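Student: The sequence shown runs 180 to 498 under the numbering used here. Where a beta carbon is used, it is the ideal one built from N, C-alpha and C, also for glycine. Every value quoted in this text rests on a predicted model; they were computed, and no experiment measured them.
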Amino acid sequence: MIDPDLIGQFGPDFTFPVELGAVRKFAKAVHASWDCYLAADDAPMPPTFLTIANVEWGYSLERPRGTLFERIDHDLSVPLLAEESYHFHGLLPRAGDRLTGRACLESVTTKQGTRGGDLTFLVMLTEFRDSTGRHAADARCTTVTTGGSDDDDAPLGSEPPVYEPDYQSLQPSDPFAALPKVSWSELTVGQELRAIETGALTMLDLGRYLAACGEDNPLHYDLAYARQHGFASPFGYGMQQGSALASYASAWLGEERARSFRARFREVFWPGDILTYRGSVTALREENGQRLVELELACTRASDGAAVAQAWMTFDLTR
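1. By the three-class DSSP mapping on this structure, what secondary structure does Trp491 have?
2. Buried or exposed: Gly417, going by 16 or more other Cβ atoms within 10 Å of its Cβ?
3. From Ala201 to Asp309, what does the alpha carbon distance come to, in whole angstroms?
4. Exposed or buried, which one is Asn467 when buried takes at least 16 other CB atoms within 10 Å?
5. Note the first and the last residue of the continuous alpha helix (DSSP H) segment covering Tyr216.
6. Could you compute how far the alpha carbon of Leu271 sits from the alpha carbon of Leu199?
7. Quick check: what's the CA-CA separation for Leu298 versus Phe414?
8. For Met303, which residues does DSSP report across the bridge?
9. Where Gly484 and Tyr342 are concerned, what is the direct C-alpha to C-alpha distance, given to the nearest angstrom?
10. Using 9 Å as the threshold, is the C-beta distance between Phe193 and Ile231 below it?
11. Considering only C-alpha positions, which residue in the set Val234, Thr288, Leu349, Tyr346 is nearest to Thr305?
12. Excluding sequence positions up to five away, which residues of its chain have a Cβ less than 8 Å from the Cβ of Pro191?
13. Enumerate, from N- to C-terminal direction, the unbroken beta strand (DSSP E) stretches of 3 or more residues contained entirely within the segment 181-225.
14. Measure the beta-carbon distance from Ile453 to Ala405 and round it to whole angstroms, keeping in mind my assumption that it falls under 8 Å.
15. Taking the C-alpha atoms as reference points, what is the distance between Ala490 and Glu371?
16. Considering Cα atoms alone, identify which of Pro183, Asp182, Ile186, Ser212 is closest to Phe355.
17. At the level of alpha carbons, what is the spacing between Glu262 and Thr321?
18. Report the partner residues of Tyr346 according to the DSSP bridge assignment.
19. Output needed for Ala208: all residues of its chain with C-beta closer than 6 Å, excluding positions within five of it in sequence on either side, in chain order.
20. Let me know the secondary structure DSSP gives Leu389 once reduced to three states.
21. Would you report the Cα separation of Ile181 and Arg250, rounded to the nearest angstrom?
22. Rounded to a whole number of angstroms, what is the C-alpha to C-alpha distance between Ser482 and Ser337?
23. Excluding the five sequence neighbours on either side, which residues of its own chain have a C-beta within less than 6 Å of the C-beta of Cys478, listed in chain order?
24. For Asp395, write down the residues that DSSP places opposite it in a beta bridge.
25. With the cut-off set at 9 Å, would you say Glu376 and Cys215 are in Cβ contact?
26. Report the CB separation of Arg436 from Asp495 in whole angstroms; it is logged as a contact under 8 Å.
27. I need the boundaries of the beta strand (DSSP E) containing Arg406, first residue and last residue.
28. Take Val361 and list the residues in its own chain whose beta-carbon comes closer than 8 Å to its own, dropping the five residues that flank it on each side.
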């Protein structure tokens, strides 16, 4: 039972420097090896870069690091990431900026899973302010513990494919580089982004993202540990494909124009999976002097067509 008095309480303030090397490492891990990140000294952060801070201070309640969150009485030894979102109150922060963040346990809900067992959802909110005190961004992460059951609201798993890595190159791939940039006048509701299929995922791909974001749960790299907890092999961290979807959309609409991002993780993905990225325009709005584009995105698995991750993004094409 989680003490309801913890809900709404904030942990200590922490400093999150937007470090250039970290931006470059993260960009390479999310199919965004572009000059705006790799060549500029004041590179903007990729839209999901704040997941690094979330790993250290936000939703990773199984590692509270001496904060009040260690009082949460719940088995978080095998949590799954169900959803993650970001909202920016202006332009994306840039390399060299120093943000101040603080995290709170925003909500806890429990429901009966459709396949049996209880599902507990813990939502962490992290607020970020810049050096002037301006509210720069909000990040929300939803962790779900499944109590030994599967459910439509928790990331599920298929059988992993045969994994036969063939490392032709150790350099990160850049599958979205050929996507053309589009302007506001070229967009229509219902317009689809060109689908992009990538090659088979490798453990190097998975490891590169884990290193970039700081996630170190052994479910994602330790075969014996993964099998002890009922998984056939290590599997990918959900935000890897969430971040890739953000790169896919940014390649089309602009690296610095994202204003909000939300991803939901539907299926476990494995080394050897071949993934396809798709998207479409769901709304075009002009309000308060802004030109806002809303997208719906999906990362699907080639073997069965299942959606590994879904995402929704808003871009500002005003300038």
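Tutor: This is what the structure holds:
1. In this structure, Trp491 counts as strand in the three-state DSSP scheme.
2. Gly417 is buried by the Cβ-count criterion.
3. Between Ala201 and Asp309, the C-alpha separation is close to 18 Å.
4. Here Asn467 is exposed: its Cβ has fewer than 16 other Cβ atoms, across all protein chains shown, within 10 Å.
5. In the DSSP assignment, Tyr216 falls within the unbroken alpha helix (DSSP H) covering 214-217.
6. Cα to Cα, the separation comes out at about 14 Å.
7. The straight-line gap from Cα to Cα measures roughly 21 Å.
8. DSSP output for Met303 lists Leu284, Cys320 as bridge partner(s).
9. Approximately 19 Å, taken between the alpha carbons.
10. With contacts defined as CB atoms closer than 9 Å, Phe193 and Ile231 fail to qualify as a contacting pair.
11. Its Cα nearest to that of Thr305, the residue Val234 stands out among Val234, Thr288, Leu349, Tyr346.
12. Excluding residues within five positions, the ones whose Cβ falls inside 8 Å are Thr246, Arg281.
13. Those beta strand (DSSP E) runs which fall completely within the segment 181-225 and span 3+ residues are 193-196.
14. Incorrect: roughly 21 Å between the Cβ atoms, too far for contact.
15. Using only the alpha carbons, I get a separation of about 14 Å.
16. Measuring C-alpha to C-alpha distances from Phe355 to each of Pro183, Asp182, Ile186, Ser212 identifies Ser212 as the nearest.
17. Using only the alpha carbons, I get a separation of about 5 Å.
18. The partner list for Tyr346 (beta bridge, DSSP) is empty, contrary to what the question assumes.
19. Cβ-Cβ distances below 6 Å link Ala208 to Arg387, Tyr388, Ala391 in the same chain, with the five nearest sequence neighbours on each side left out; the list follows chain order.
20. Three-state DSSP puts Leu389 in a helix.
21. The straight-line gap separating the alpha-carbon atoms of Ile181 and Arg250 is approximately 8 Å.
22. Ser482 and Ser337 have their alpha carbons spaced roughly 10 Å apart.
23. Taken in chain order, the residues that qualify are Gln420, Leu424, Leu454, Tyr456, Val487, Ala488.
24. DSSP lists no partner for Asp395.
25. Result no, Cβ atoms of Glu376 and Cys215 do not sit closer than 9 Å.
26. Going by Cβ atoms, the distance from Arg436 to Asp495 rounds to 5 Å, so yes, they are a contact pair.
27. Careful: Arg406 lies outside any beta strand (DSSP E), inside the alpha helix (DSSP H) at 402-407.
28. Counting only residues of its own chain and dropping the five nearest sequence neighbours on each side, Val361 has a CB closer than 8 Å to the CB of Trp431, Leu432.
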